[in-house]
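Quick notes on the structure that follows.
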Amino acid sequence: MADKRLRVMLVTLREIKAYFVDFLFYLAGFPVFIAITYLFWRAMLQNATVAGMTLGYLMTYYATVYAVNAMTLQRGVANKISEDIVRGRIAVSLVKPMSYFSYNLWKRVANFSLYIVLYLGVLLAVSSAFKMQFTSDPLMIILFLASLVFSFLMNFAMFFCVGLTALWLEDNWGLVNAFVAFTSLFSGMLIPLELLSGTLRDVAFFLPFHFTAYFQASIIMGKMAMSDVITNFALMIAWTVIFLVIAKIAWRVGEKRITGYGV
21 MADKRLRVML VTLREIKAYF VDFLFYLAGF PVFIAITYLF WRAMLQNATV
71 AGMTLGYLMT YYATVYAVNA MTLQRGVANK ISEDIVRGRI AVSLVKPMSY
121 FSYNLWKRVA NFSLYIVLYL GVLLAVSSAF KMQFTSDPLM IILFLASLVF
171 SFLMNFAMFF CVGLTALWLE DNWGLVNAFV AFTSLFSGML IPLELLSGTL
221 RDVAFFLPFH FTAYFQASII MGKMAMSDVI TNFALMIAWT VIFLVIAKIA
271 WRVGEKRITG YGV
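Just add 20 to the spot in the sequence shown (first one is 1) and you have our numbering.
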């Protein structure tokens, strides 16, 4: 099984190499996003602060959540699964030596292993240009890196389930986009969660989505005490396990639908 996983990862990395120019354009979106964000918030704040947040703080926050989102968001999984279902390719997966769930997971692990190196490098470069401040605590840095793995796994499980809804819906394109918008808001990608109104903020911290971006930014920016980081880390692991179990169950139910009715 280990050899199969490794082969899937190597093939995926070769595919990325074949479209490396497209990948570079995708990577170039990071500094462009930061530049636009900087101009927007500089015009909005005009040397003032919002909820105690300075321009420097906001730039550090947005650079971090953008990088985390780019490394861990798995919208492509939902789109790929939906396309496989619509085109009937998913039925072929039932006779392959590796399960459809595992195959997609290890393809994304290959992407993640590359993205985490490149985007952390770009984040460091951007942080130097904008004089961003990150924690220097070695343990916090280790926890930040570990949290990226769980953010990736949680995102994969969630979007895997969303992709499988194409087995029951004629077109799940709207659902995928709605889910992306929903998670973007409650993960802290659009705005820092502190800027949400009281009720929305409570909902955001109750739901697990803040563990996919906001929590990572809070760790590396030194916003949370170590005790709070440990507590939230445990919650993040628990949510990740829950979503992975749900994804595995959803696939087993989906398999029966494929074999029972065809796709």
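All C-beta atoms in this analysis are idealised placements derived from N, C-alpha and C, irrespective of residue type, glycine included. All figures in this text were calculated on a predicted structure; none of them were measured in a lab.
Closer than 8 Å to chain C by CB, residue i
i: Leu125; result: Any reference to chain C falls outside this structure, which holds one protein chain only.
As assigned by DSSP and simplified to three states, the class of residue i
i: Lys37; result: helix
i: Met246; result: helix
i: Lys116; result: coil
i: Met209; result: coil
i: Met73; result: strand
i: Trp188; result: coil
i: Ala87; result: helix
i: Tyr281; result: Since pLDDT at Tyr281 reaches only 46, below the 50 mark, its modelled position is unreliable, and the value read off the structure follows with that caveat. In the structure shown, Tyr281 sits in a helix (DSSP, three-state: H, G or I).
i: Asn67; result: coil
i: Leu140; result: helix
i: Thr32; result: helix
i: Leu216; result: coil
Presumed contact (8 Å Cβ cut-off) between residue i and residue j, rounded CB distance
i: Pro51; j: Val146; result: 6 Å
i: Met91; j: Phe132; result: 6 Å
i: Ala130; j: Leu33; result: 5 Å
i: Thr57; j: Met241; result: Between Met241 and Thr57 the Cβ distance is about 16 Å, and since that is not below 8 Å, they are no contact.
i: Phe180; j: Ala63; result: No, Phe180 and Ala63 are not in contact; Cβ-Cβ is about 40 Å, not under 8 Å.
i: Leu187; j: Leu195; result: Not confirmed; about 12 Å, so no contact.
i: Phe53; j: Tyr86; result: 6 Å
Top-ranked residue by Cα proximity to residue i, from the options
i: Ile161; options: Ile257, Ile239 and Tyr234; result: Ile239
i: Asp157; options: Val249, Asn197 and Met29; result: Val249
i: Gln319; options: Ala237, Ala267, Ala98 and Asp222; result: Outside the modelled stretch of the chain, which goes from 21 to 283, sits residue 319, for which no answer is possible.
i: Asn252; options: Val273, Phe229, Phe121 and Trp271; result: Phe229
i: Gly208; options: Tyr82, Val106 and Ala270; result: Tyr82
i: Trp259; options: Tyr46, Ser171 and Leu140; result: Ser171
i: Ser128; options: Gly108, Ala166 and Phe176; result: One detail in the question is off: residue 128 reads as Arg in this sequence, not Ser. Cα-wise, what sits closest to Arg128 is Phe176.
i: Phe235; options: Leu140, Thr84 and Asn192; result: Thr84
i: Phe231; options: Leu195, Leu184, Leu163 and Asn192; result: Leu163
i: Met29; options: Tyr123, Val106, Ala68 and Phe45; result: Tyr123
i: Arg27; options: Leu93, Leu125, Met73 and Met174; result: Leu125
i: Ile110; options: Leu184, Ser247 and Phe226; result: Leu184
i: Leu75; options: Pro212, Ser217 and Ser167; result: Pro212
i: Leu138; options: Ile257, Ala71 and Phe43; result: Phe43
i: Val169; options: Phe225, Leu215 and Leu93; result: Leu93
i: Trp61; options: Ala48, Met244 and Tyr77; result: Tyr77
i: Met73; options: Thr219, Leu215 and Ala254; result: Leu215
i: Val200; options: Arg95, Gly49, Phe45 and Leu65; result: Arg95
i: Met118; options: Ala149, Ala22 and Leu173; result: Ala22
i: Asp191; options: Ile105, Leu144 and Asp222; result: Ile105
i: Gly141; options: Gly218, Ile278 and Leu47; result: Leu47
i: Ile101; options: Val88, Tyr120 and Asn89; result: Tyr120
Residue span of the alpha helix (DSSP H) that contains residue i, given as start and end
i: Pro158; result: Pro158 to Leu184
i: Ile101; result: Arg95 to Arg107
i: Lys151; result: Neither: Lys151 is in no alpha helix (DSSP H) and is coded neither H nor E.
i: Ile239; result: Tyr234 to Ile240
Bridge partner(s) assigned by DSSP for residue i
i: Val223; result: DSSP output for Val223 lists no bridge partner at all.
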